[in-house]
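Visitor:
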Ligand code: UDX
């Protein structure tokens with residue numbers, strides 16, 4: 125039933141995604157969900173990483189100039205680059221967005237219901253509210269991650285903050301394995317961190333995203349109740365705005381066509397020829413990079429494991445190495461591996477030939493792995509990824525984490541643990557299948573996320 129009419133007037137929902145793949149995908153999935161409920165959709169977007177409007181003929185697209193601002197290329201410090209770019213995008217888009225939103229409000233016959241805006245775009249949510257448009261904040265990470273954001277100032281004050289990269293422990297003055305007692309099950313090493321020079325900027329970014337949520341008319345979050353019950357309960361208790369757990373969005377919304385890179389679909393045919401549950405799928409997402417030496421160790425570990433693999437090896441993943449893979453790797457793995465630069469990941473994970481997922485634990489990838497019922501090998505790189513890996517290994521117990529130096533022998537052993545017969549692989553696979561079933565239940569009729577979507581629709585109509 126079309127739920128978006130109100131006194132005969134069609135309602136329009138505006139969207140403004142943060143221009144990164146891991147943020148664009150859930151925003152478009154949410155737009156698809158609301159469009160299916162009868163809402164008209166307008167997408168404001170930066171020129172950097174602009175979405176392909178031809179994929180969404182029913183939507184209106186409004187480009188907002190961002191001074192051509194793109195993240196600095198080739199900077200090995202992904203946190204510094206990304207945080208700097210988010211600040212710059214907020215600033216550059218503020219005035220042009222105000223102008224374009226004002227003109228849309230003058231023009232549109234329909235009643236604009238609200239703006240759904242990425243929680244990292246505080247300046248743009250302020251603009252919308254200033255023009256009388258209510259905002260809903262979309263958080264594309266986990267509930268646990270946002271809970272960590274809300275606790276961030278307290279954690280800094282209490283001296284939890286460490287400036288070491290996640291895999292380094294020996295030179296740290298802090299015990300990186302110490303529990304964060306305010307935020308179980310995090311350990312110090314699981315907290316988002318930055319270099320000393322970038323810490324203040326990261327703190328500012330986190331504080332602004334909490335403000336964007338608290339000043340909004342509601343938080344939409346891509347998770348589900350059975351996955352993070354305690355973290356969601358805590359946010360619902362403490363935030364002071366309604367919280368809608370509507371994930372996993374990729375399961376509720378039509379297949380994503382919001383990929384910024386061309387997905388190589390030929391790898392699906394390659395998978396067709398592989399034995400059931402035999403293939404390790406490897407992907408480190410859209411932003412992470414790693415030193416060429418680490419990538420070589422990962423490659424030789426995969427080669428040494430003797431297992432079939434499909435590797436989505438994004439250009440730019442290996443810092444300063446071209447070609448990215450070491451000499452001899454192709455010959456050593458001929459006939460049992462496929463390497464593509466970008467894969468149709470959701471379909472790959474759902475393919476019966478795939479039996480394990482080596483992931484950087486970006487939240488979308490983590491959720492996609494959970495839904496596919498796959499055991500995961502975690503190698504978090506930055507931001508929320510260490511916390512996500514902690515939940516995969518310690519809370520849901522559906523994966524193992526590769527910590528410390530990346531070394532081919534360790535990689536080989538971890539792949540065997542994940543994919544091999546007997547324990548721990550059997551237990552990981554059983555729990556992963558069970559968790560996958562919980563995800564399927566929450567998006568079924570009367571499942572918790574479907575109910576949450578209904579509540580969200582009513583909430584939007586009430587704004
Ligand atoms: C970023 C941050 O890295 C992450 O920590 C945060 O949670 C979200 O923003 P990203 O690195 O892109 O995300 O990882 P992720 O959240 O996993 O999103 C990647 C998306 O790209 C997924 O939806 C995945 O399906 C898709 N993808 C990835 C492809 O379509 N093809 C690929 O080959 C690899």
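Numbering (our numbering), first residue to last: 125 to 587.
Beta carbons are placed, not taken as given, at the ideal position from N, Cα and C, and that holds for glycine.
Under 8 Å by Cβ, that's how I've got residue 211 and residue 319 pegged, so tell me the actual separation to the nearest angstrom.
Guide: The count along the chain shown starts at 1 and reaches residue 211 at position 87. The count along the chain shown starts at 1 and reaches residue 319 at position 195. Contact doesn't hold; Cβ gap of about 16 Å is too wide.
Visitor: Taking C-alpha atoms, which residue in 264, 193, 220 lies nearest to residue 208?
Guide: Here residue 208 is taken as the residue at index 84 of the chain shown, counted from 1. Looking at the Cα atoms, 193 is the closest of the given residues.
Visitor: Please return the same chain residues whose Cβ sits closer than 8 Å to the Cβ of residue 304, not counting the five positions on each side in sequence.
Guide: The sequence position of residue 304 within the chain shown is 180, counting from 1. Within the same chain, residue 304 has close Cβ partners 279, 284, 310, 311, 312, 314, 315.
Visitor: What are the residues that DSSP puts in a beta bridge with residue 436?
Guide: Position 312 of the chain shown holds residue 436. DSSP output for residue 436 lists 407, 464 as bridge partner(s).
Visitor: Residue 140 bridges to which residues according to DSSP?
Guide: Translated into positions along the chain shown, residue 140 becomes position 16. 241, per the DSSP bridge assignment.
Visitor: Does residue 367 pass the burial test, meaning 16 or more other C-beta atoms within 10 Å, or should it be called exposed?
Guide: Position 243 of the chain shown, counting from 1, holds the residue named residue 367. Residue 367 comes out buried.
Visitor: Have a look at 553, 529, 528 and flag the residue whose alpha-carbon is nearest the alpha-carbon of residue 540.
Guide: Here the question's residue 540 lines up with position 416 in the chain shown. Nearest neighbour of residue 540 by Cα position, chosen from 553, 529, 528, turns out to be 553.
Visitor: Can you tell me the Cα-Cα spacing of residue 564 and residue 135, whole angstroms?
Guide: Counting from one through the chain shown, the residue named residue 564 turns up at place 440. Counting from one through the chain shown, the residue named residue 135 turns up at place 11. Straight-line Cα distance between these residues: approximately 30 Å.
Visitor: Applying the criterion that 16 or more other CB atoms from any shown protein chain within 10 Å of the CB defines a buried residue, is residue 385 buried or exposed?
Guide: Taking the chain shown and counting its residues from 1, one reaches residue 385 at position 261. Residue 385 comes out exposed.
Visitor: Three-state secondary structure (DSSP) at residue 457?
Guide: Locating residue 457 in the chain shown gives position 333, where the first residue counts as 1. Note: residue 457 maps to helix in three-state DSSP.
Visitor: Give a single yes or no on whether residue 213 has its beta carbon closer than 6 Å to a heavy atom of ligand 1.
Guide: Looking up residue 213 in the chain shown gives position 89. The answer is no for residue 213.
Visitor: Measure how close the beta-carbons of residue 336 and residue 356 come, nearest whole angstrom, since I'm counting them as under 8 Å.
Guide: The residue you call residue 336 lines up with position 212 of the chain shown. The residue you call residue 356 lines up with position 232 of the chain shown. Between residue 356 and residue 336 the Cβ distance is about 19 Å, and since that is not below 8 Å, they are no contact.
Visitor: Can you tell me whether residue 458 is buried or exposed, with buried defined as 16 or more other CB within 10 angstroms of its CB?
Guide: Along the chain shown, read from residue 1 onward, the residue named residue 458 stands at position 334. Looking at its Cβ environment, which holds fewer than 16 other Cβ atoms inside 10 Å, residue 458 is exposed.
Visitor: Tell me, please, whether the region 259–275 touches the region 327–344 by the rule of three or more beta-carbon pairs shorter than 8 Å.
Guide: yes
Visitor: Can the beta-carbon of residue 359 be found closer than 7 Å to that of residue 267?
Guide: Looking up residue 359 in the chain shown gives position 235. Looking up residue 267 in the chain shown gives position 143. Yes, they are a contact pair.
Visitor: Need the endpoints of the beta strand (DSSP E) that residue 184 sits in, please.
Guide: Counting from one through the chain shown, the residue named residue 184 turns up at place 60. Where residue 184 is concerned, the enclosing beta strand (DSSP E) stretches over 184–188.
Visitor: Quick one: residues in its chain with C-beta nearer than 8 Å to the C-beta of residue 587, no 5 flanking neighbours on either side, listed in chain order?
Guide: As a first step, residue 587 is located in the chain shown; it is residue number 463 there, counting from the start. These residues qualify, in order along the chain: 237, 238, 258, 341.
Visitor: Where are the alpha helix (DSSP H) runs, 4 residues long or more, that stay fully inside the region 208–273, in chain order?
Guide: 246–254
Visitor: Considering only residues of the region 336–361, which uninterrupted beta strand (DSSP E) runs meet the minimum length of 3 residues and lie entirely inside it, listed in chain order?
Guide: 343–345
Visitor: Span of the alpha helix (DSSP H) holding residue 559?
Guide: Locating residue 559 in the chain shown gives position 435, where the first residue counts as 1. That run of the alpha helix (DSSP H) goes 549–567.
Visitor: Using the DSSP secondary-structure output, state which residues sit across from residue 164 in a beta bridge.
Guide: Within the chain shown, residue 164 is the residue found at index 40, counting from 1. Its beta-bridge partners are 136.
Visitor: Terminal residues of the continuous alpha helix (DSSP H) containing residue 412?
Guide: By 1-based counting over the chain shown, the position of residue 412 is 288. Taken as a continuous stretch (DSSP letters only), residue 412 belongs to no alpha helix (DSSP H), as it is neither H nor E.
Visitor: Report whether the distance from the Cβ of residue 281 to the nearest heavy atom of ligand 2 is below 6 Å.
Guide: The ligand content of the structure shown is limited to ligand 1, which means ligand 2 is not among them.
Visitor: Tell me whether residue 509 counts as near ligand 1, meaning its Cβ is closer than 6 Å to at least one heavy atom of that ligand.
Guide: Locating residue 509 in the chain shown gives position 385, counting from the first residue. Checking every heavy atom of ligand 1 against the Cβ of residue 509, one is found closer than 6 Å.
Visitor: So which of 446, 323, 461, 428 has the shortest CA-CA distance to residue 435?
Guide: Taking the first residue of the chain shown as 1, we reach residue 435 at position 311. Answer by Cα proximity: 461.
Visitor: Taking 6 Å as the cut-off, does the CB of residue 469 come closer than this to any heavy atom belonging to ligand 1?
Guide: The residue given as residue 469 occupies position 345 in the chain shown. Yes, since a heavy atom of ligand 1 falls inside the 6 Å radius drawn around the Cβ of residue 469.
Visitor: Does DSSP put residue 368 in a helix, a strand or coil?
Guide: Residue numbering aside, residue 368 sits at position 244 when the chain shown is read from its first letter. Correct three-state label for residue 368: strand.
Visitor: Could you compute how far the alpha carbon of residue 508 sits from the alpha carbon of residue 271?
Guide: Translated into the one-based positions of the chain shown, residue 508 becomes position 384. Translated into the one-based positions of the chain shown, residue 271 becomes position 147. Distance between the alpha carbons of residue 508 and residue 271 is about 11 Å.
Visitor: Across which residues does DSSP place residue 482 in a beta bridge pair?
Guide: Residue numbering aside, residue 482 sits at position 358 when the chain shown is read from its first letter. DSSP output for residue 482 lists 406, 501 as bridge partner(s).
Visitor: Please report the straight-line C-alpha distance between residue 381 and residue 179, rounded to a whole angstrom.
Guide: For the purposes of this step, residue 381 is taken as the residue at position 257 of the chain shown. For the purposes of this step, residue 179 is taken as the residue at position 55 of the chain shown. Cα-Cα distance, rounded: 7 Å.
Visitor: Nearest CA to the CA of residue 450: which residue from 570, 417, 372, 431?
Guide: Along the chain shown, read from residue 1 onward, the residue named residue 450 stands at position 326. Checked all of 570, 417, 372, 431; the closest Cα to residue 450 is 417.
Visitor: Is it true that the CB of residue 581 sits closer than 7 Å to the CB of residue 232?
Guide: Looking up residue 232 in the chain shown gives position 108. Looking up residue 581 in the chain shown gives position 457. Contact flag unset, no.
Visitor: What I want to know is whether the C-beta of residue 436 ends up closer than 6 Å to one or more non-hydrogen atoms of ligand 1.
Guide: Taking the first residue of the chain shown as 1, we reach residue 436 at position 312. Checking every heavy atom of ligand 1 against the Cβ of residue 436, one is found closer than 6 Å.
Visitor: Since residue 559 and residue 522 should fall inside the 8 Å C-beta cutoff, what is the C-beta to C-beta distance between them, to a whole number of angstroms?
Guide: Here the question's residue 559 lines up with position 435 in the chain shown. Here the question's residue 522 lines up with position 398 in the chain shown. Indeed, because the Cβ distance is near 6 Å, the residues count as touching under 8 Å.
Visitor: Could you tell me the distance, in whole angstroms, from the CA atom of residue 347 to the CA atom of residue 572?
Guide: As a first step, residue 347 is located in the chain shown; it is residue number 223 there, counting from the start. As a first step, residue 572 is located in the chain shown; it is residue number 448 there, counting from the start. Those two C-alpha atoms are separated by around 10 Å.
Visitor: Leaving out five residues on either side along the sequence, give the residues of the same chain with a beta carbon under 6 Å from the beta carbon of residue 249.
Guide: Sequence index remark: in the chain shown, residue 249 carries index 125 (1-based). Result list for residue 249: 241, 259, 336, in chain order.
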